[in-house]
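Structure first, then comments.
2 protein chains.
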Amino acid sequence: MSHLLPVDQAFLERARARQLRLTKPPGSLGRLEEAGVRLAAIQRSEKPRLGPGAVVVAAADHGVTAEGVSAYPAEVTPQMVQNFLAGGAAVNQIARVAGAEVYVLDVGVRGPEFPAHERLIPARVRSGTGNLVREPAMRPAEALAALQAGENAARRAVSEGATLLAAGDMGIGNTTAAAALTAALLGLLAAEVTGRGTGVDDAAYARKVQVVERALERARGELGDLERADPLEVAAQLGGLEIVAAAGVFLAGAAAGLPVVADGFPVTAGALLAARLEPNLSGYLFAGHRSLEPGHTRQLEALGLEPLLDLNLRLGEGTGAVLAFPVLRAAAAVLGGMATFDEAGVSEG
Amino acid sequence: MSHLLPVDQAFLERARARQLRLTKPPGSLGRLEEAGVRLAAIQRSEKPRLGPGAVVVAAADHGVTAEGVSAYPAEVTPQMVQNFLAGGAAVNQIARVAGAEVYVLDVGVRGPEFPAHERLIPARVRSGTGNLVREPAMRPAEALAALQAGENAARRAVSEGATLLAAGDMGIGNTTAAAALTAALLGLLAAEVTGRGTGVDDAAYARKVQVVERALERARGELGDLERADPLEVAAQLGGLEIVAAAGVFLAGAAAGLPVVADGFPVTAGALLAARLEPNLSGYLFAGHRSLEPGHTRQLEALGLEPLLDLNLRLGEGTGAVLAFPVLRAAAAVLGGMATFDEAGVSEG
Numbered sequence: 001m002s003h004l005l006p007v008d009q010a011f012l013e014r015a016r017a018r019q020l021r022l023t024k025p026p027g028s029l030g031r032l033e034e035a036g037v038r039l040a041a042i043q044r045s046e047k048p049r050l051g052p053g054a055v056v057v058a059a060a061d062h063g064v065t066a067e068g069v070s071a072y073p074a075e076v077t078p079q080m081v082q083n084f085l086a087g088g089a090a091v092n093q094i095a096r097v098a099g100a101e102v103y104v105l106d107v108g109v110r111g112p113e114f115p116a117h118e119r120l121i122p123a124r125v126r127s128g129t130g131n132l133v134r135e136p137a138m139r140p141a142e143a144l145a146a147l148q149a150g151e152n153a154a155r156r157a158v159s160e161g162a163t164l165l166a167a168g169d170m171g172i173g174n175t176t177a178a179a180a181l182t183a184a185l186l187g188l189l190a191a192e193v194t195g196r197g198t199g200v201d202d203a204a205y206a207r208k209v210q211v212v213e214r215a216l217e218r219a220r221g222e223l224g225d226l227e228r229a230d231p232l233e234v235a236a237q238l239g240g241l242e243i244v245a246a247a248g249v250f251l252a253g254a255a256a257g258l259p260v261v262a263d264g265f266p267v268t269a270g271a272l273l274a275a276r277l278e279p280n281l282s283g284y285l286f287a288g289h290r291s292l293e294p295g296h297t298r299q300l301e302a303l304g305l306e307p308l309l310d311l312n313l314r315l316g317e318g319t320g321a322v323l324a325f326p327v328l329r330a331a332a333a334v335l336g337g338m339a340t341f342d343e344a345g346v347s348e349g
Numbered sequence: 001m002s003h004l005l006p007v008d009q010a011f012l013e014r015a016r017a018r019q020l021r022l023t024k025p026p027g028s029l030g031r032l033e034e035a036g037v038r039l040a041a042i043q044r045s046e047k048p049r050l051g052p053g054a055v056v057v058a059a060a061d062h063g064v065t066a067e068g069v070s071a072y073p074a075e076v077t078p079q080m081v082q083n084f085l086a087g088g089a090a091v092n093q094i095a096r097v098a099g100a101e102v103y104v105l106d107v108g109v110r111g112p113e114f115p116a117h118e119r120l121i122p123a124r125v126r127s128g129t130g131n132l133v134r135e136p137a138m139r140p141a142e143a144l145a146a147l148q149a150g151e152n153a154a155r156r157a158v159s160e161g162a163t164l165l166a167a168g169d170m171g172i173g174n175t176t177a178a179a180a181l182t183a184a185l186l187g188l189l190a191a192e193v194t195g196r197g198t199g200v201d202d203a204a205y206a207r208k209v210q211v212v213e214r215a216l217e218r219a220r221g222e223l224g225d226l227e228r229a230d231p232l233e234v235a236a237q238l239g240g241l242e243i244v245a246a247a248g249v250f251l252a253g254a255a256a257g258l259p260v261v262a263d264g265f266p267v268t269a270g271a272l273l274a275a276r277l278e279p280n281l282s283g284y285l286f287a288g289h290r291s292l293e294p295g296h297t298r299q300l301e302a303l304g305l306e307p308l309l310d311l312n313l314r315l316g317e318g319t320g321a322v323l324a325f326p327v328l329r330a331a332a333a334v335l336g337g338m339a340t341f342d343e344a345g346v347s348e349g
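Sequence lines, in order, name chains D and Z. Residue numbers are given in full-length UniProt numbering: position 206 of the first sequence equals residue 206, and the series is strictly consecutive. Residue numbers are given in full-length UniProt numbering: position 82 of the second sequence equals residue 82, and the series is strictly consecutive.
Here is the structure:
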């Protein structure tokens, strides 16, 4: 686990002062200005710069799919891993236009190992989680291994040039695990955080809420008050491996001094976990978009984040995080590259 | 003036059908999917592609600044033109990260002509508008010349490789002209469309509303019912030259088969004018962002557009339009480049 330094408050102030000297009416770039000063504090520079980005798409399977909580069969997880590696998924297309490399982290997919591929990071901790209704999703040591797999993937992305990092997710059944983990970490009811994921019908939705309730009850039996329990033990109870790996991506990305960007509901559950492990993460973390999953807004509120985009996405894979990269690059470019009134010889109001 | 063909409805349907075969849950990319099918209809291809973009920043001065309606002195217009050409303005920085060329169109700045510059398009129709409270902003022939200047600038951008086109604006005083023109074209009251522009105080704001009211009254005296009058004559009464030029950018961009992107309040007044001249424009037109100017939302409603971004911007220059280019590129890339379930061997739900 990283030991994360807080972002530099002095650069927040210096960047705010610089924003006022740039050739635009004060505040006229709105949330780009806020993002810019945050980037300055992360990079410890009043002229932040962002170059290439990367997204680590963590993939794993979920024992809870046995309960019929997803609209898709579990075999779709490995199929989509192959699709990511072949470049045919949404995240590949969005990453291409948004200037991001895609790394695929197999942290716990079920089935045969994938053939070696330059964008695949094989780090299978176990073949899918246990069914969280009946048993812990994983052992605490496995949760730690999944976290470290995410950290290692982030370090590889940074070593290969990433200046901006997102986590993405693939795992049929993972909105159920994300709902359970979010409810546990935030002290919320199952119904407050459970959505329709990839699109289940009413009967499956009702089942999904019950599954989350029963999983929370079981975990409470093991750990007591879930809001006060060790967050990694809570994650071990409720899983998933890719959610925990996403937490590792955020922690190692931030530790390397990069802005890190949360995606939809499962990945933001990972961000919640990471922020519980390292509260200083909040200074490095951005919300790429607001998902249609109802629990996502609860997560963002708890993290104190306002998303950059709101385009009714609910896909995951990191798509909404990567789509926000150009907005963050623009925020850095404005603060880092614009002329001041003095430099440009422009009269102030 | 262009004669604009409607976008191809058959490709809307074909693109919608293709969206359903792509490896993602149906509808899970939300507004990216809607944008993608619109791009398919514009490009007449179910696999749309977007490459480089361009923004034509039209600049002009406003006689109405004599009424004290702006927080900045009129000399800022030519100063900012120099800033655009030197690359120091917000639009330059955002265009750089969003893959867009910046063209600066001088369609009516006051003061000495600018030295030649490869990104400057000199096409001064007159040295700023008349004061719309007392006199027509320009003659109808001048409005036509401003429109044609915008069209020519768009044609240059297209001939130099633009596949996606925005208009931007620079003109101290232009939110006053935009408010008057918007109220006239939409039959609204001055108070419904007048905002604080670059940030005037309460007294100047009250003055600004009155100025818009008086301008509308004067124009009604000349043309009668402004909603039914010739829209280019209404624009000649209420101006500004850069607003009319923005209309020309949209018309010629769309005529060349490009998606065109509206920016904030003044540029979207130009979009309203263009849509009145060529109703088929609506199929080609996107709203980049929602400005903080209250009249902007009225404009977008009238155009039937939902903006792609909502980041509390109120700068203009085309910043909010260019910032949306990556979102549109992503929409095209998803529809054009993703694998289908069959191609990828992924099971459907």
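Cβ coordinates follow ideal geometry from the N, Cα and C atoms, glycine included.
Which same chain residues end up closer than 6 Å to residue i when comparing Cβ atoms and leaving out the 5 residues on each side of it in sequence?
i, result
"Z/V212", "A179, A180, A190 and T194"
"Z/A310", "Rather than Ala, the amino acid found at residue 310 of chain Z in this sequence is Asp. Result list for Z/D310: R290, in chain order."
"D/Q19", "E33"
"Z/A339", "T23"
"Z/E118", "none"
"Z/G42", "A small correction: the amino acid at residue 42 of chain Z is Ile; Gly does not occupy that position in the sequence shown. If we look at Z/I42 and ignore the five residues flanking it on each side, its Cβ neighbours are V7, P259 and Y284."
Taking the beta carbon of residue i as the centre, do at least 16 other beta carbons fall within 10 Å, making it buried, or is it exposed?
i, result
"D/Q299", "buried"
"D/H3", "exposed"
"Z/E73", "For the sequence presented, residue 73 of chain Z should be read as Pro rather than Glu. Z/P73 should be labelled exposed."
"D/S70", "buried"
"Z/L22", "buried"
"D/P279", "exposed"
"Z/G240", "buried"
"Z/L238", "buried"
Taking residue i as the reference, give the member of the options with the closest Cα.
i, options, result
"Z/A333", "D/A58, D/A90 and D/R31", "D/A90"
"D/L313", "D/P326, D/G304, D/A302 and D/S291", "D/S291"
"D/S159", "D/P52, D/R207 and D/E135", "D/P52"
"D/A254", "D/V244, D/Y284 and D/A271", "D/Y284"
"D/A100", "Z/E306, Z/P326 and Z/N174", "Z/P326"
"Z/R156", "Z/P140, Z/A54, Z/E67 and Z/L241", "Z/A54"
"D/R220", "D/V133, D/A15 and D/G108", "D/V133"
"Z/E242", "Z/L147, Z/Y103 and Z/L5", "Z/L147"
"Z/H296", "Z/V97, Z/A331, Z/D342 and Z/E192", "Z/E192"
"residue 352 of chain D", "D/A215, D/A116 and D/E293", "Beyond the ends of chain D as shown, which are 1 and 349, falls residue 352 of chain D; an answer cannot be given."
"D/T268", "D/A167, D/L223 and D/D225", "D/A167"
"residue 354 of chain D", "D/E67, D/F11 and D/A10", "The question about residue 354 of chain D has no answer here: the residues shown for chain D are numbered 1 through 349."
Can you name the residues of chain Z whose CB is closer than 8 Å to the CB of residue i?
i, result
"D/E75", "S347"
"D/R79", "According to the sequence displayed, residue 79 of chain D carries Gln and not Arg. Result: A344, G345, V346 and S347."
"D/T23", "M80, N83, G88, A89 and A90"
"D/R18", "Simply none; closest approach about 13 Å."
Starting from the C-beta of residue i, find all residues in its chain whose C-beta is less than 8 Å away, skip the five residues before and the five after it, and write them out in chain order.
i, result
"Z/L328", "A35, L39, L50, L164, P259, V261, F286 and L308"
"D/G304", "S282"
"D/R110", "D61, A74, T77, P78, S127 and G128"
"D/F114", "P78, V81, Q82, L85, D106, L120 and P122"
"Z/D342", "R21"
"Z/R139", "A236"
Sorted by chain position, which residues of the same chain lie with C-beta nearer than 7 Å to residue i's C-beta, five sequence neighbours on each side aside?
i, result
"residue 352 of chain Z", "The requested residue 352 of chain Z is not part of the displayed model; chain Z covers only 1 to 349."
"D/P231", "L185, L273, R276 and L277"
"residue 382 of chain Z", "For chain Z, the structure presents residues 1 to 349; residue 382 of chain Z sits outside this window and is missing."
"D/T198", "S70, A71 and Y72"
"Z/T65", "A74, I172 and G173"
"Z/G336", "K47, P48 and R49"
"Z/P26", "L20"
Can you pull the chain Z neighbours of residue i, defined as C-beta to C-beta under 7 Å?
i, result
"residue 350 of chain D", "The displayed coordinates of chain D run from 1 to 349. Any statement about residue 350 of chain D would go beyond what the structure contains."
"D/D169", "Result: empty, since nearest Cβ-Cβ is about 13 Å, beyond 7 Å."
Mind listing the chain D neighbours of residue i? Cutoff is C-beta to C-beta under 8 Å, in chain order.
i, result
"Z/V334", "A90, Q93 and I94"
Residues of chain D with a CB under 9 Å from the CB of residue i: which are they?
i, result
"Z/A162", "Within 9 Å Cβ-Cβ: nothing; Z/A162 doesn't reach chain D, min ~16 Å."
"Z/R314", "P25, G27, S28, L29 and G30"
"Z/A71", "P25 and G349"
So with CB distances below 7 Å, who are the chain D contacts of residue i?
i, result
"Z/R49", "Per Cβ cutoff of 7 Å: no residues; Z/R49 is ~10 Å from chain D at best."
"Z/R329", "V97"
Counting only Cβ pairs nearer than 9 Å, list the residues of chain Z close to residue i.
i, result
"D/G199", "P25, P26, G27, S28 and G349"
- Message: Across the segment 264-273 of chain Z and the segment 315-323 of chain Z, are there enough close Cβ pairs to call them in contact, namely three or more that are closer than 8 Å?
- Response: The answer is yes - the segment 315-323 of chain Z touches the segment 264-273 of chain Z, with three or more Cβ pairs under 8 Å.
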